[in-house]
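Residue numbers (UniProt numbering): 1 to 353.
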């Protein structure tokens, strides 16, 4: 009974944890699915003279969610790379990451680990223009680029500075469980002249066309991919969360099935036990009605399985005395006590004098 209770507790904990994880993954999947659907429904615009006319005719001179491609051009000044000559951009990100080996006490292996301990981002106002410079002065001013969930920056510089350690430092790091490898220095930029696919809210403010994060909670993108590649990338991410949701959903259903099956088996066992008791009581009453009321001691020693032979064995470890030797051998494997359903490990024969 103790093992059965422990098993039920484990199954209940497994059901609860898998249900919670499934709900969490499903919420993320719904969010990703909604973002993909919004991308599919986004209006595709072009940087040409028709853009002013479309925005003038739109309600509030605004397209809530639109896709537009163009080349990056700075509005005023540009940012110069600190390490690469003649490299100009409008967004610059400088990062320093520490790489080290950390001892895992579980797997007893050294794992590579990185930690970002410094990052600085510089931006200047920029806009998107059509690839054909003869299209006139049509441009799209990009606002709040750092709020984009998909901001692709090109790595223009990367250098690893290995750490220099003495013998004493190496011994100390070995016993502390952390061994520094070095510092990785990187510079990423959104370069002038690069092609960007922008997805967001397009508004006409006086004579200036602006791109800004959507107010309706949809995702803001500034990607170096074309629109179809961006859509496929988002669909691939959505499918990953869908697979995880289905996997943990199957685990949840499996746990629920085993719990229900166990409860059904327990219910069936209780019903069989109740039927045995009722049958035993009916047999006792029948024997009394047949004229054997004085032999109550004999009735108490009747096998509860066949109700014909006398009890001739003791079941261990439960200690119940309730069956004859013939019925014991007729029990199915693994043999269990007819009364308490405990596993029978040993049998002691009874000899009546």
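All C-beta atoms in this analysis are idealised placements derived from N, C-alpha and C, irrespective of residue type, glycine included. In this text, all values refer to a predicted model and were calculated from it rather than measured experimentally.
- The DSSP-derived three-state label of residue 231 is helix.
- Taking the C-beta atoms as reference points, residue 173 is found no nearer than 8 Å to residue 199.
- Going by beta carbons, residue 95 and residue 87 fall outside the 8 Å limit.
- If you look at residue 92, you'll find it isn't in any alpha helix (DSSP H); it sits in the beta strand (DSSP E) that goes 88 to 104.
- Within the region 182 to 229, the complete beta strand (DSSP E) segments at least 3 residues long are 195 to 205, 208 to 212 and 221 to 223, listed from N- to C-terminus.
- Here residue 302 is buried: its Cβ has 16 or more other Cβ atoms, across all protein chains shown, within 10 Å.
- Bounds of the beta strand (DSSP E) holding residue 313 are 313 to 316.
- Cβ-Cβ separation between residue 204 and residue 52: approximately 7 Å, consistent with a contact (criterion under 8 Å).
- In the DSSP assignment, residue 167 falls within the unbroken alpha helix (DSSP H) covering 167 to 176.
- Approximately 10 Å separates the beta-carbon atoms of residue 191 and residue 84; this is outside 8 Å, ruling out the contact.
- According to the DSSP secondary-structure assignment, residue 70 is paired through a beta bridge with 196.
- For the set 79, 317 and 140, the Cα lying nearest the Cα of residue 68 is the one of 140.
- Taking the Cα positions, residue 79 is about 28 Å away from residue 114.
- With a threshold of 16 other beta carbon atoms within 10 Å, residue 257 falls short and is exposed.
- For residue 327, the enclosing alpha helix (DSSP H) covers residues 325 to 330.
- Residue state for residue 82 is assigned as coil, using DSSP reduced to three classes.
- Taking C-alpha positions only, residue 201 is separated from residue 209 by approximately 10 Å.
- Cα atoms of residue 193 and residue 117: separation of roughly 31 Å, rounded to the nearest angstrom.
- With contacts defined by Cβ atoms closer than 8 Å, residue 339 and residue 322 form a contacting pair.
- Assigned with DSSP and collapsed to three states, residue 159 falls in strand.
- Note that the region 146 to 153 touches the region 222 to 236; at least 3 beta-carbon pairs, one per stretch, sit closer than 8 Å.
- One thing to note: residue 124 has its Cβ within 8 Å of the Cβ of residue 74.
- Contact between residue 130 and residue 70 is confirmed by a C-beta separation of about 6 Å, below the 8 Å threshold.
- In this structure, DSSP gives residue 322 a state outside helix and strand, which the three-state scheme calls coil.
- Residue range 50 to 57 is occupied by the alpha helix (DSSP H) that includes residue 51.
- Contact between residue 42 and residue 65 holds: CB atoms are separated by about 5 Å, below the 8 Å threshold.
- Residue burial is scored here from C-beta neighbours: residue 306 has fewer than 16 other C-beta atoms within 10 angstroms and is therefore classed as exposed.
- Around the beta carbon of residue 219, 16 or more other beta carbons lie within 10 angstroms, which makes this residue buried.
- A residue is called buried once 16 or more other Cβ atoms fall within 10 Å of its Cβ, and residue 91 is buried on that count.
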